[in-house]
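A short write-up of the structure that comes next.
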Amino acid sequence: MVVKNAKLVSPRGIYEAGLAVKDGKIVAVARDIHLPDADRLIDAEGRYVLPGLLDGHAHTFLPPETPASGMKASAKGGVTTMLEMPGTQFGCFSADDYKLKRETMEKSSFVDFCIHAGCASGYPGELTKMHKLGSTGSKFFISSAGPKWPQTFDGEVIDRFREIANYGGLALIHAENDSILRDNEKRLKEEGRKDFAAHLECRPRIAEVEAGKRMIDYLEMTGCRGLIVHTSVPETVWYSAKAHRRGAETYVETCTQYLYLTEDDVKRNGPWNKFAPPPRTKADKAELRRLLQEGWIDTIATDHAPYGKDRKEAGLDDIFKAPNGMPGLDTYLPLLLNGVSEGWLTMERLSGFSAERPAQIYGIYPRKGAIAVGSDADLVIVDMDKEVKITNDDQFTACGWTPYDGIRVKGWPTMSIIRGNIVMEDDQVLSKQGSGLFIPRLDA
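Numbered continuously in our numbering, the sequence shown closes out at residue 451.
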């Protein structure tokens, strides 16, 4: 395959050039005139070509979603490598769990994928075993995740951080202060609060700010690499940056919902915009956009948690009865491209936090996340002139709805390529189920 007449995007610039692919790998990046003949020629028609995107935070075992429907939604949304995050539906706390999850996903895959491990109380030594199997990170809930996820308290968190530091792994941390959440929920329920705003009062910003700082301190103390996931507050970004300057290997992930939604949306839409941590103020949204563009935020993900409409509708009368989470895979890249069109992102920065940087953090770079000789030929061609109205009816995710229903965006992925194979063209997923590969860390 040869791709010509393209604007190749990297964090360091945009280049008018093309590339050649053989056996699934990029074998040349050059001006069109210097490219070889090929069995298949793709004319990008002067459009931008991004390295294949990574979503480092997706829950595809959450009914009604399945790994198959979730990875199909990934293909549509421009994600070429999806990293499966453990959740209460499949904790992945042991090596046996990990092997079962890999086997299940290999049969279901439409895109390439990685698998994160889960850290819960009562499974000593299993993180090391799963690291040897190729895990790209270990998920921690600092607040209670429910009865199916045995909570890890601070002493055990520190012990596990030391274990991860010993084998050179990565901790993935949901940081909210559990005591604050529990006390607030108890008080609000005793007061008879069921309104939408009760969700915001239950999970205030101080709960996230405090836990984020505490976890960053633990990471620095133990020498463990760590990523604070789905960050909604600028304070965590700043604190991580200060720790990083002192030599700590701390990173920050935010999500597309924090760049588009605010607390006003929760008050208006209730369960349809209920997720955790919740979105904050308009000023926080603007500040996260600025920090993202200036490079202070390392990665952006979806936290794809596609609960069905029936589960969400339970919160219309009582917000506490609706689960936390929203779908996001279908709309991942379109929302980011719209940010470029609106002027608060650049294409170069987009390629950094959605491709190169997560691939580096998760240990799969430069196989993934780069347009370079020797890298997998994972590419996404985008049309920045295309305007689309996002609707529930157009979603591939099995839950059948999106929080962005009715929003118009400018900029759209028109073709995705994985290892030299076209997996999506004009919103049609062309890859076959089971065609995606498990991608372990390069040092596994």
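Heads up, the beta-carbon is just placed ideally off N, CA and C, and yes, glycines get one too.
Keep in mind the model is a prediction, meaning the values are calculated, not measured.
- Per DSSP, the unbroken beta strand (DSSP E) holding PHE120 starts and ends at 119 to 122.
- Residue pairing of GLU260 in beta bridges, as defined by DSSP: THR306.
- Secondary structure at ALA178: strand, using DSSP grouped into helix, strand and coil.
- By the Cβ-count criterion, ASN280 is buried, with 16 or more other Cβ atoms from all chains shown falling within 10 Å of its own Cβ.
- Straight-line spacing of the CA atoms in PRO341 and ILE21 works out to 19 angstroms.
- When the beta-carbon positions are compared, GLY233 and LEU177 come within less than 8 angstroms of each other.
- Comparing C-alpha distances from ALA27 to each of ARG189, THR306, LEU48, THR421 shows the shortest one belongs to LEU48.
- Secondary structure of ASP50 (DSSP, three-state): strand.
- Assigned with DSSP and collapsed to three states, PRO278 falls in helix.
- Between GLN158 and SER128, the C-beta spacing is below 8 angstroms.
- Distance from the CA atom of ILE304 to the CA atom of GLY59, rounded to whole angstroms, is 19 angstroms.
- In the pairwise beta carbon analysis, the region 359 to 374 is classified as not touching the region 427 to 440: fewer than three pairs are separated by under 8 angstroms.
- Counting every other CB atom within 10 Å of its CB across the protein chains shown gives GLY413 a total below 16, marking it as exposed.
- As the crow flies, the alpha-carbon of LYS155 is around 14 angstroms from that of PHE68.
- HIS206: member of the alpha helix (DSSP H) spanning 204 to 209, first to last residue.
- The three-state secondary structure of TYR22, taken from DSSP, is strand.
- Counting C-beta pairs closer than 8 angstroms gives fewer than three between the region 100 to 111 and the region 416 to 432, which falls short of the contact rule.
- Along the region 67 to 99, the beta strand (DSSP E) occurs as fully enclosed runs of 3 or more residues at 86 to 91, listed in sequence order.
- Counting along the chain, ILE425 sits inside the beta strand (DSSP E) bounded by residues 415 to 425.
- Scanning GLY25, VAL347, VAL273 for the CA closest to the CA of ILE40 turns up GLY25.
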